[in-house]
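Chemist: Top to bottom, those sequences are chains A and B.
Counting from 1, one number per residue, gives the positions in the first sequence under our numbering.
Counting from 1001, one number per residue, gives the positions in the second sequence under our numbering.
Number of protein chains: 2
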Amino acid sequence: MSGPRPFANALELLRNAGLRPTRQRLALARLLFDQGDRHVTAEQLHAEVLTASMPVSLATVYNALHQFVGAGLLREVVVNPGRSYFDTNVSDHHHFFLEDAGKLVDIPGDRIDVANVPAPPAGTAIRRVDVIIRVEREPA
Amino acid sequence: MSGPRPFANALELLRNAGLRPTRQRLALARLLFDQGDRHVTAEQLHAEVLTASMPVSLATVYNALHQFVGAGLLREVVVNPGRSYFDTNVSDHHHFFLEDAGKLVDIPGDRIDVANVPAPPAGTAIRRVDVIIRVEREPA
DNA sequence: TTCTGTTTTAGAACTATTCTAATCTGTTGA
DNA sequence: TCAACAGATTAGAATAGTTCTAAAACAGAA
Ligand SMILES: [Mn+2]
Ligand SMILES: [Mn+2]
Ligand SMILES: [Zn+2]
Ligand SMILES: [Zn+2]
């Protein structure tokens, strides 16, 4: 019956991940995980945390993002050269990429079938399958 | 019965694309299109053209690559943040990405079925569907 | 508290790419 | 044949995103 308990969640999240719950990491974790699924860039998150009047350096934002990826709390999505997106949805799913707006939109994993995938090259194993559907503003 | 005629092909290719057949563009087109399908980075291609003792500036390599993409002779493949690959195979196909080696391997378009693709967000149209299968060296 | 290893930080460094503006070249048509 | 001119090339500077460095701050243990 009680609502979400943001602070406790972030604290637990970091503890579980074996990361010291510093002020900076708590602030970033709350911004990332207290809302629904998100796709953010490092600079976006940095701007957000400053706006929330919790100054965190950009280096710390990058450090935290990579630690969160390493802990399986985030995944990195590559759609654009020269800019990474970090995705709070770590379940099996795919993406629309709205090129004009630079926005990612989730496609649930079970809404797409990737069938007949050939065997990977000798000596390699599949780590992940990414389907990116690039969409553009519809011609009028 | 005659073998391939590289020079004539590159010349024709550029003419068809509405691009002046300069020495630099001819050299780059030959390197790109006279062999089978290729996936190169700008720096790789630059190194190749220098080795072929045809000095071309890096700026020109980038200019030409983008012009070739615009003309539909190449497609850009994004798998890594901070580095673009250019693909001479412009037919409908997908990729294995060997993360350890930084190499792309083609998967013919008809070898993969992407089914049940949901409708794109309102006001947008699908431009392209990219399937990237990330593989890693198999654990021994 | 004090201590110790971890984290944060400002700013420098780095990498891939793009830009600038001066020079050069391919093409055209007199 | 050769100006003339638009288009192409170039070296080097600039930019953008990210990573690195090494010094200061901090969290947690004792
Ligand atoms: Mn990264
Ligand atoms: Mn590009
Ligand atoms: Zn997602
Ligand atoms: Zn390819």
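No residue lacks a Cβ here, since even glycine has one placed at the ideal position from N, Cα and C.
1) Got a sec: does ligand 3 put a non-hydrogen atom nearer than 7 Å to the Cβ of A/Asn89?
2) Taking C-beta to C-beta, are B/Leu1104 and B/His1093 nearer than 8 Å?
3) At a cut-off of 7 Å, is A/Leu104 close to ligand 3 when judged by its beta-carbon and the heavy atoms of the ligand?
4) On the DSSP letters alone, give me the boundaries of the alpha helix (DSSP H) that B/Thr1051 sits inside.
5) Taking the beta strand (DSSP E) that B/Arg1075 belongs to, which residues open and close that run?
6) Mind the definition here: the region 1102-1116 of chain B touches the region 1055-1066 of chain B only if three or more C-beta pairs lie below 8 Å; say whether that holds.
7) Going by alpha carbons, who is nearest to B/Pro1108 out of B/Pro1021, B/Val1090 and B/Ala1027?
8) Does any residue of chain B have a CB that is nearer than 8 Å to the CB of A/Ser2?
9) Using only the alpha-carbon positions, how far apart do B/Arg1038 and B/Val1049 sit?
10) In the DSSP assignment, the alpha helix (DSSP H) including B/Val1090 goes from what residue to what residue?
11) Is the beta carbon of B/Asp1037 within less than 7 Å of some heavy atom of ligand 4?
12) I want to verify the contact list: residues of chain B whose CB lies under 8 Å from the CB of A/Ser53, in sequence order.
13) Would you list the one or two residues that DSSP bridges to B/Ala1115?
14) What three-state label does DSSP hand B/Val1069 in the structure shown?
15) Would B/Gly1082 pass as an interface residue toward chain A - the criterion being a Cβ-Cβ separation below 8 Å?
16) For the region 1097-1118 of chain B, which residues have a beta carbon sitting closer than 8 Å to at least one beta carbon of chain A?
17) Answer yes or no: do A/Pro21 and B/Ser1084 have a C-beta to C-beta separation smaller than 8 Å?
18) Would you kindly check if the distance between the Cβ of A/Val78 and the Cβ of B/Val1078 is under 8 Å?
19) Using 7 Å as the cut-off, classify the Cβ of A/His93 as near or not near the heavy atoms of ligand 3, replying yes or no.
20) Quickly, what does DSSP pair A/Pro108 with across the bridge? List them, please.
21) Strictly by DSSP, which residues pair up with B/Leu1098?
22) Which class does B/Arg1025 belong to by DSSP, given the choice of helix, strand or coil?
23) With 7 Å as the C-beta to C-beta threshold (strictly closer), list the residues of the region 1055-1079 of chain B near chain A in chain order.
24) Hey, would you say A/Phe86 sits closer than 8 Å to A/Val131, going by beta carbons?
25) Give the secondary structure of B/Ala1125 by DSSP, where H, G and I count as helix, E and B as strand, and everything else as coil.
Modeler: Reading from the atomic positions:
1) Yes - ligand 3 has a heavy atom lying nearer than 7 Å to the Cβ of A/Asn89.
2) The answer is no: Cβ separation not under 8 Å.
3) The nearest non-hydrogen atom of ligand 3 is less than 7 Å from the C-beta of A/Leu104.
4) It spans Ala1042 to Thr1051 - the alpha helix (DSSP H) in which B/Thr1051 sits, taken as one unbroken run.
5) Here the beta strand (DSSP E) through B/Arg1075 covers Arg1075 to Asn1080.
6) Result no; under three Cβ-Cβ pairs closer than 8 Å.
7) Cα-wise, what sits closest to B/Pro1108 is B/Val1090.
8) Unreliable positioning characterises A/Ser2 in this predicted model, as indicated by a pLDDT of 43, which lies under 50. A coordinate reading is not provided.
9) Spanning the two alpha carbons is a distance of roughly 15 Å.
10) Element bounds for B/Val1090: n/a, residue is neither H nor E.
11) In this structure, B/Asp1037 has its beta carbon less than 7 Å from a heavy atom of ligand 4.
12) Here the premise fails: no neighbours, minimum Cβ distance about 30 Å.
13) Answer is A/Asp113.
14) Helix, per DSSP.
15) Output row for B/Gly1082: interface = yes.
16) Those residues of the region 1097-1118 of chain B that come within reach of chain A (Cβ to Cβ, closer than 8 Å) are Leu1098, Glu1099, Val1105, Ile1107, Arg1111, Ile1112, Asp1113, Val1114, Ala1115, Asn1116, Val1117 and Pro1118.
17) Not in contact: A/Pro21 and B/Ser1084 (Cβ atoms no closer than 8 Å).
18) Yes.
19) Distances between the C-beta of A/His93 and the heavy atoms of ligand 3 include at least one below 7 Å.
20) In the DSSP output, where bridge partners are listed per residue, A/Pro108 has A/His93.
21) As a beta-bridge residue in DSSP terms, B/Leu1098 pairs with B/Lys1103 and B/Val1135.
22) Three-state DSSP puts B/Arg1025 in a helix.
23) Residues passing the 7 Å Cβ filter: Val1078 and Val1079.
24) No.
25) Of the three classes helix, strand and coil, the one that applies to B/Ala1125 here is strand, per DSSP.
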